[in-house]
Structure formats: C-alpha cells, structure tokens
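Student: Just so you know, we're using our numbering here: the sequence shown kicks off at 0 and counts up by one. Sharing a structure with you now.
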Amino acid sequence: MKHLRVPATSANVGPGFDTLGLAFEWFLECYFTKLPENGTLEMEIEGFGKKYIPVTKENIIYKAYDRVFKYKNIETYGLKININNSVPIARGMGSSSSAIVMGILVANSLLNNILTQDELLQLAYELEGHTDNITAALLGGFITSGVVNGQVKAVKFNIPGNLICTLIVPDYELSTVKARKVLPSEISFKDAVQNNINTSMIVSSLSKGDLKLFSQFLTDYLSQPYRAPLVKGITKIQEIARDCGFLGACISGAGPTIILFTEKNKSTDLEPIKKILKDEKINFTIYKDINFINYGGLDLLSKVR
Numbered sequence: 000m001k002h003l004r005v006p007a008t009s010a011n012v013g014p015g016f017d018t019l020g021l022a023f024e025w026f027l028e029c030y031f032t033k034l035p036e037n038g039t040l041e042m043e044i045e046g047f048g049k050k051y052i053p054v055t056k057e058n059i060i061y062k063a064y065d066r067v068f069k070y071k072n073i074e075t076y077g078l079k080i081n082i083n084n085s086v087p088i089a090r091g092m093g094s095s096s097s098a099i100v101m102g103i104l105v106a107n108s109l110l111n112n113i114l115t116q117d118e119l120l121q122l123a124y125e126l127e128g129h130t131d132n133i134t135a136a137l138l139g140g141f142i143t144s145g146v147v148n149g150q151v152k153a154v155k156f157n158i159p160g161n162l163i164c165t166l167i168v169p170d171y172e173l174s175t176v177k178a179r180k181v182l183p184s185e186i187s188f189k190d191a192v193q194n195n196i197n198t199s200m201i202v203s204s205l206s207k208g209d210l211k212l213f214s215q216f217l218t219d220y221l222s223q224p225y226r227a228p229l230v231k232g233i234t235k236i237q238e239i240a241r242d243c244g245f246l247g248a249c250i251s252g253a254g255p256t257i258i259l260f261t262e263k264n265k266s267t268d269l270e271p272i273k274k275i276l277k278d279e280k281i282n283f284t285i286y287k288d289i290n291f292i293n294y295g296g297l298d299l300l301s302k303v304r
C-alpha cells in the first residue's frame, strides 16, 4: 500500500482572516491502494472521529477523491484506504481541509499525478470554500492566498525555524458555520485600516524572520473580537500572553483552539493561562512545542511508496 501524510493547519493567522495559513508538524495519515473493481470502497479509520466519521462514500476524503475522477471524466477507481487521524476535529486545526487535500492527492497518485498544482489547489478550494487552510495543507509553510477571477492564487514563505507554538485545545467543538454566523456584515473604516496594516506587517515580519515585529501585529479587527464569546478565555489570554513569555495569542482558524506563538528555547509560563481556563470551567488539552513545517501534502506525495 502507498503511504501519504497531510499536515494540520492554522488559518486566519492573527489579522489574516481568510488569507493567511500555517502548516503544523502534525498529520492526517493514510495507507491506500487501488481495488480491482471500479467504484468500490474499503475504508478504516483510527484516531479522532473513529466513532462517528462515516467509512462510506459520504466520507469527505472519499468525496474529494471521487471529485478528481469526475473532473477528469474517468470512472472512479476502487479504493482501499486506512486512515489514522491525529488531528482534533472541529477545533480550528483545518481537519476538513486536510481531509479534502488527502482525498485529492490519493486520487492524483493513483492517476499517476495527472493534475497540475494549480488544478489541485482549485479543486480543493471548490470543495472547501476558502483558501487559507487548503493552500497550507497542500503546500506547507506560511501561506498568503486569495481568489482572482475564480482562480486560487497562493504565495508561500518559509516559516522561521525558531518559531514554534503551544496549542490549547478545548474539549468542545466549534463549527466554521457557527463561527461565521457571528461575524458582522460591516466594520468601521478605522478597524479596516488597522487590520490591513497588521496583516501586511505579519507577512513582512514572518518572511524576514523578525519575530519581535511579528509579535507586535497579531491583533485582529475583522473576526476575532466577534468570535471571542465562542472561544472562552481568549481575550484574557491575549492580554497576558506576552507577559507569560509568548509572542502572542490568537484563535486558530474558526476556533475554539487557541494558538500561543513562541520563540524556540524561550522560557514561558503557562500557569496563569491555565488558571484563566479553569476559571472559565473549560476542560482542555495543551500541546507544547509544536513545530511548523515548510512542506505540505504535495511535497509528501512525491515520497509515497
């Protein structure tokens, strides 16, 4: 069987709503092979979601897989796939994007890499509906992306090697649909200008590896102030994050995971942050010293064996 990994991701990085994404060294993994009879499916899942993710053709990985064959007007190959999911679901870590990218890359592999990078990006975007997670999952690194005349465009920067993070993953789910419903239809001109400034400075600082500058422009004005009531403790944690030795904190994706950016080998103190979460009566898991990666599923596809 062939082996493939696709990274988990964080989108809406700081002020970069629907445009900035990062890839974690944390993977959705599968082993797969072609079955002799077209249209057949044998699927097994281990890890997060094992008890409720369908192992039928309603599975998001299979839907993405099937979409590639329909796009190329080829009868869908039979598929045997064993999935190991270490990525928490509906927590703001790009689990749906990782699944979509996996399905597309599995199909592309069995079709002898018939699709171009642009086609892979386009198909993933059409299935997911936004670009920041899927571009990071496919390409890795730090990504700024958007859509022009219906076509996905993405620019990748390498993430500085001394930037790592701590993830606080609550025990409750938050769907992207619910998180989008709380967003306003309009914001003030002042907030729009400041968000543009912060986003441009985030891109510039990370591309130059200037983490001190990066830490000064993480504040978002488009989405996180309105989503804060859905992510318990986030406002208080953002207020004290730098005093605790972190570069800053923000909601990962649509939430509820909170990402604390850290400079490698710098001392940090999680105790005040844990107290905030406990005062909010939240059960949570903390993952420390998570690395970012400058490669994605497309790079790992070339290593399938």
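Glycine is no exception: its CB is placed at the ideal position from the N, C-alpha and C atoms. Predicted model, so just to flag it, every value in this text is computed and none were measured.
Measuring alpha carbon to alpha carbon, tell me which residue in Val230, Ala253, Asp219 is nearest Gly247.
Tutor: Closest by alpha carbon: Asp219.
Student: Just verifying my parser: in three-state terms, what is the DSSP assignment at Leu40?
Tutor: Looking at Leu40 - three-state DSSP - the assignment turns out to be strand.
Student: Terminal residues of the continuous beta strand (DSSP E) containing Leu27?
Tutor: Segment 19-34, the beta strand (DSSP E) holding Leu27.
Student: Looking at the unbroken alpha helix (DSSP H) that takes in Lys180, where does it start and where does it end?
Tutor: Here the alpha helix (DSSP H) through Lys180 covers 175-180.
Student: Could you give the residue range of the alpha helix (DSSP H) that holds Thr234?
Tutor: Run containing Thr234: 233-239, per the alpha helix (DSSP H) assignment.
Student: DSSP three-state label for Ile73, please.
Tutor: It is coil, neither helix nor strand.
Student: Which one of Thr75, Asn84, Ile163, Gly38 has the shortest CA to CA distance from Lys50?
Tutor: Residue Asn84 is the option with its Cα nearest to Lys50.
Student: Are there three or more Cβ pairs, one per stretch, closer than 8 Å when the stretch 186-198 is compared with the stretch 4-20?
Tutor: Taking 8 Å as the limit for Cβ pairs, the verdict is that the stretch 4-20 does touch the stretch 186-198.
Student: Less than 7 Å between C-beta atoms, sequence neighbours within five positions excluded: which residues of the same chain meet that for Ile275?
Tutor: Closer than 7 Å at Cβ, skipping near neighbours: Gly232, Lys235, Ile236.
Student: Report the residue from Ile60, Thr75, Lys69 whose alpha carbon sits nearest the alpha carbon of Ser95.
Tutor: Nearest option by C-alpha distance: Ile60.
Student: Which residue marks the beginning of the beta strand (DSSP E) containing Ser144, and which one marks its end?
Tutor: Start and end: 141-147.
Student: Within a Cβ cutoff of 7 Å, which residues of the same chain sit near Tyr171, ignoring the five residues on either side of it in sequence?
Tutor: Pro255, listed in sequence order.
Student: Looking at the strands, I want to know which residues DSSP matches up with Gln193.
Tutor: Bridge partners of Gln193: none, in fact.
Student: Tell me the residue span of the beta strand (DSSP E) that contains Leu259.
Tutor: Start and end: 257-262.
Student: Considering Cα atoms alone, identify which of Leu299, Asn290, Phe283, Ile292 is closest to Arg90.
Tutor: When each option's Cα is compared against that of Arg90, the closest is Phe283.
Student: Sorted by chain position, which residues of the same chain lie with C-beta nearer than 7 Å to Ile186's C-beta, five sequence neighbours on each side aside?
Tutor: Cβ within range, chain order: Tyr220, Leu221.
Student: Can you tell me where the alpha helix (DSSP H) with Phe306 in it begins and where it stops?
Tutor: With the chain covering 0 to 304 only, the question about residue 306 has no answer from this structure.
Student: Using only alpha-carbon positions, find the residue among Leu122, Val168, Phe188, Phe141 that is nearest to Arg66.
Tutor: Of the candidates Leu122, Val168, Phe188, Phe141, the one whose C-alpha sits nearest the C-alpha of Arg66 is Leu122.
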